[in-house]
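Student: Structure incoming, see below.
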């Protein structure tokens with residue numbers, strides 16, 4: 043990637059897992075609870091734009107089980123949240139300004155964006171533009187390096203915390219806050235790039 047390129051790191055917290063076999067416009071698809079993203083210069087690694095938004099529930103709610111994971115209550119989201127559509131519109135605008143978008147378990151976060159775009163924007167040309175964007179997944183790309191094993195002793199997809207610990211030797215604190223996850227993803231991505239550069243020297 044050339045020096046003037048920009049990378050978009052992003053993460054959603056949601057009301058649930060996407061219904062992978064159902065269309066994005068299905069009413070039962072999950073809603074976004076929080077979006078965090080950072081647009082970063084590839085060469086300087088300086089952040090040029092940051093967003094951290096919570097959606098205001100509108101006809102949907104956050105279950106107690108998911109509040110236990112990400113810490114966002116219905117009361118908090120109603121008090122401080124913004125219209126959910128703004129999360130998807132803002133991320134799409136940042137994606138247009140980027141040359142690569144990166145997430146940990148990128149297919150999940152990309153699908154949440156497609157669901158939101160279908161729900162609130164419903165423009166097939168914009169959806170196709172999103173689908174065609176360059177993307178990378180730190181979960182997939184770090185899998186061999188991390189070498190995390192499941193209970194049966196087989197190689198598995200590493201959690202964000204497992205990948206973060208592998209490259210930093212530090213325990214990730216505050217996971218499942220979207221901005222914490224974004225910053226961890228950024229750290230993992232650049233650690234992988236640095237390792238590739240060192241291996242090539």
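Residue numbers (this note's numbering): 43 to 243. All C-beta atoms, glycine included, are put in the ideal place defined by N, C-alpha and C.
1. Quick one: which unbroken alpha helix (DSSP H) runs of 4-plus residues sit fully inside the region 143 to 199? Chain order, please.
2. To the nearest whole angstrom, what separates the beta carbons of residue 180 and residue 146, a pair I think is in contact under 8 Å?
3. Go ahead and label residue 216 buried or exposed: buried means 16 or more other beta carbons lie within 10 angstroms of its beta carbon, across all protein chains shown.
4. Rounding to the nearest angstrom, what Cα-Cα distance links residue 185 and residue 198 in this structure?
5. Check each candidate in 83, 110 and 103 and name the one with the smallest Cα separation from residue 70.
6. Would you call the CB atoms of residue 74 and residue 154 closer than 8 Å?
7. Excluding sequence positions up to five away, which residues of its chain have a Cβ less than 8 Å from the Cβ of residue 178?
8. Please list the terminal residues of the continuous alpha helix (DSSP H) segment that includes residue 207.
9. Measure the C-alpha to C-alpha separation of residue 61 and residue 152 and round it to an integer number of angstroms.
10. From the DSSP secondary-structure annotation, give me the bridge partner or partners of residue 5.
11. Looking at the secondary structure, which residues open and close the beta strand (DSSP E) in which residue 95 lies?
12. Would you decide whether residue 122 is buried or exposed? Buried here means 16 or more other CB atoms lie within 10 Å of its CB.
13. Would you call the CB atoms of residue 98 and residue 117 closer than 8 Å?
14. Taking the DSSP output, what are the residues bridged to residue 68?
15. Along the chain, where does the alpha helix (DSSP H) that runs through residue 117 open and close?
Tutor: Looking at the coordinates:
1. 148 to 162, 166 to 173, 180 to 183 and 185 to 188
2. Your pair residue 180 and residue 146 checks out as a contact, with CB atoms roughly 5 Å apart and the cut at 8 Å.
3. exposed
4. 7 Å
5. 103
6. yes
7. 142, 143, 144, 148 and 231
8. 202 to 210
9. 13 Å
10. Residue 5 lies beyond the residue range present for the chain, which begins at 43 and ends at 243; the question has no answer from this structure.
11. Bounds of the beta strand (DSSP E) holding residue 95 are 89 to 96.
12. exposed
13. no
14. Beta-bridge analysis with DSSP links residue 68 to no other residue.
15. First-last of the alpha helix (DSSP H) with residue 117: 116 to 122.
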